[in-house]
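Chemist: This is the structure I want to talk about, given as structure tokens.
Number of protein chains: 2
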Amino acid sequence: MDNEKKYHPTESELEILQVLWEKGQATVRDVHEVLEKGRDIGYTTTLKTMQIMTEKGLLGRDTSARTHVYSPIASREGTQKQFLNKMIDGLYKGSAGRLVMGALGHEKLSPEEIREIQDYLRQFENPQS
Amino acid sequence: MDNEKKYHPTESELEILQVLWEKGQATVRDVHEVLEKGRDIGYTTTLKTMQIMTEKGLLGRDTSARTHVYSPIASREGTQKQFLNKMIDGLYKGSAGRLVMGALGHEKLSPEEIREIQDYLRQFENPQS
DNA sequence: TTTGGATTACGAAGGTTTTCGTATTACATT
DNA sequence: AATGTAATACGAAAACCTTCGTAATCCAAA
Numbered sequence: 001m002d003n004e005k006k007y008h009p010t011e012s013e014l015e016i017l018q019v020l021w022e023k024g025q026a027t028v029r030d031v032h033e034v035l036e037k038g039r040d041i042g043y044t045t046t047l048k049t050m051q052i053m054t055e056k057g058l059l060g061r062d063t064s065a066r067t068h069v070y071s072p073i074a075s076r077e078g079t080q081k082q083f084l085n086k087m088i089d090g091l092y093k094g095s096a097g098r099l100v101m102g103a104l105g106h107e108k109l110s111p112e113e114i115r116e117i118q119d120y121l122r123q124f125e126n127p128q129s
Numbered sequence: 001m002d003n004e005k006k007y008h009p010t011e012s013e014l015e016i017l018q019v020l021w022e023k024g025q026a027t028v029r030d031v032h033e034v035l036e037k038g039r040d041i042g043y044t045t046t047l048k049t050m051q052i053m054t055e056k057g058l059l060g061r062d063t064s065a066r067t068h069v070y071s072p073i074a075s076r077e078g079t080q081k082q083f084l085n086k087m088i089d090g091l092y093k094g095s096a097g098r099l100v101m102g103a104l105g106h107e108k109l110s111p112e113e114i115r116e117i118q119d120y121l122r123q124f125e126n127p128q129s
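Going line by line, the protein sequences match chains A and B.
So the first sequence is numbered by the working numbering: it starts at 1 and just counts up by one.
So the second sequence is numbered by the working numbering: it starts at 1 and just counts up by one.
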């Protein structure tokens with residue numbers, strides 16, 4: 001169950017995961033075209049990184065066709081949780097509440113989002129139900 | 001003002017910063033004794049890392065005495081914000097609200113903390129104070 | 001069927017981080 | 001003053017990450 005838990009994606013790997021989470025699946029070229037918009041990077045760099053990620057178990061790929069098709073194995077949710085835990089432990093003395101409070105102070109938090117958060121919290125209001 | 005913003009502490013550096021944030025200031029030995037509890041690590045490793053951090057401007061040190069005394073220059077708050085931003089951009093499509101929602105789902109969030117968060121949010125309820 | 005373009009495979013360079021062994025230096029105790 | 005202990009300084013190895021050049025491979029179009 002926590003197969004996916006152990007390994008921390010690196011900076012570059014996260015970039016690639018983001019694309020794959022959005023698209024569901026993609027070829028190296030697909031991913032590379034997105035990355036290229038953001039910064040200078042060679043095609044083989046993207047390729048190599050995705051190959052390494054596959055070895056690490058972060059990505060899966062379908063090699064049946066000439067052009068391989070990759071898909072994420074590490075889930076967005078699991079990865080988020082993983083990083084969240086790391087931050088909570090490393091920067092907020094283990095308190096998730098402190099992190100939330102800190103994040104609430106974040107500049108761009110729209111009134112809509114705040115309302116949504118309040119709604120969400122209401123479910124804890126009455127312990128029974 | 002954002003002098004402190006640019007540089008991302010590494011994993012090891014974060015460990016050391018944590019100790020210094022708690023203690024305010026400390027010697028290499030002080031820090032090392034804490035780290036040692038958590039994992040296997042040599043004294044000179046801790047020393048070297050702290051020296052590098054000093055070069056990077058993450059730590060300051062008083063070398064007037066034989067045993068140097070270190071103190072954090074990077075603030076906990078600034079570092080938290082820095083990592084928060086990175087997470088929001090990299091894992092939550094730029095939405096701080098999404099991160100908060102995710103963090104609220106975190107297992108160990110005590111009722112007290114939830115109440116505290118609700119209190120905090122009330123300040124946004126009525127636009128005029 | 002030959003050739004050109006696109007794709008994957010391979011290997012290695014260069015950078016950063018983490019680690020620690022060894023040397024040097026200073027101090028305190030004798 | 002001599003010596004042992006504890007601290008810092010130095011350098012380098014090992015691991016990991018990022019990058020890309022080059023080679024090999026496949027396919028489609030001519």
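Yeah, the Cβ is synthetic: ideal placement off N, Cα and C, and Gly gets one too.
(1) Go through its chain and collect everything with a Cβ distance to residue 94 (chain B)'s Cβ below 7 Å, but skip five positions before and after it.
(2) Nearest CA to the CA of residue 55 (chain B): which residue from B:39, B:97, B:74?
(3) Please classify residue 58 (chain B): does DSSP put it in a helix, a strand, or coil?
(4) Measure the C-alpha to C-alpha separation of residue 103 (chain B) and residue 99 (chain A) and round it to an integer number of angstroms.
(5) Identify the residues that DSSP records as bridge partners of residue 148 (chain B): which are they?
(6) Which residue's Cα is closest to the Cα of residue 10 (chain B): A:41, A:86, A:62?
(7) Going along chain B, which residues have a C-beta under 9 Å from residue 14 (chain A)?
(8) Along the alpha helix (DSSP H) that carries residue 16 (chain B), what are the first and last residues, could you check?
(9) From residue 81 (chain A) to residue 123 (chain B), what does the alpha carbon distance come to, in whole angstroms?
(10) Touching or not, the stretch 58-73 of chain A and the stretch 11-26 of chain A, by the rule of three or more beta carbon pairs under 8 Å?
(11) Alpha carbons only, please: which of B:79, B:110, B:115, B:119 is nearest the one belonging to residue 7 (chain B)?
Modeler: Reading off the structure:
(1) Correct list, in chain order: 88.
(2) Of the candidates B:39, B:97, B:74, the one whose C-alpha sits nearest the C-alpha of residue 55 (chain B) is B:74.
(3) Three-state result, residue 58 (chain B): coil.
(4) Computed Cα separation, rounded: 8 Å.
(5) Coverage of chain B is limited to positions 1 through 129, which leaves residue 148 (chain B) absent and any answer about it impossible.
(6) The shortest Cα separation from residue 10 (chain B) among A:41, A:86, A:62 belongs to A:86.
(7) Close to residue 14 (chain A), with beta-carbon spacing below 9 Å, are these residues of chain B in chain order: 90, 91.
(8) 11-23 is the span of the alpha helix (DSSP H), which, as asked, contains residue 16 (chain B).
(9) Going by the C-alpha atoms only, they are around 28 Å apart.
(10) A contact exists between the stretch 58-73 of chain A and the stretch 11-26 of chain A.
(11) The candidate whose alpha carbon is nearest that of residue 7 (chain B) is B:79.
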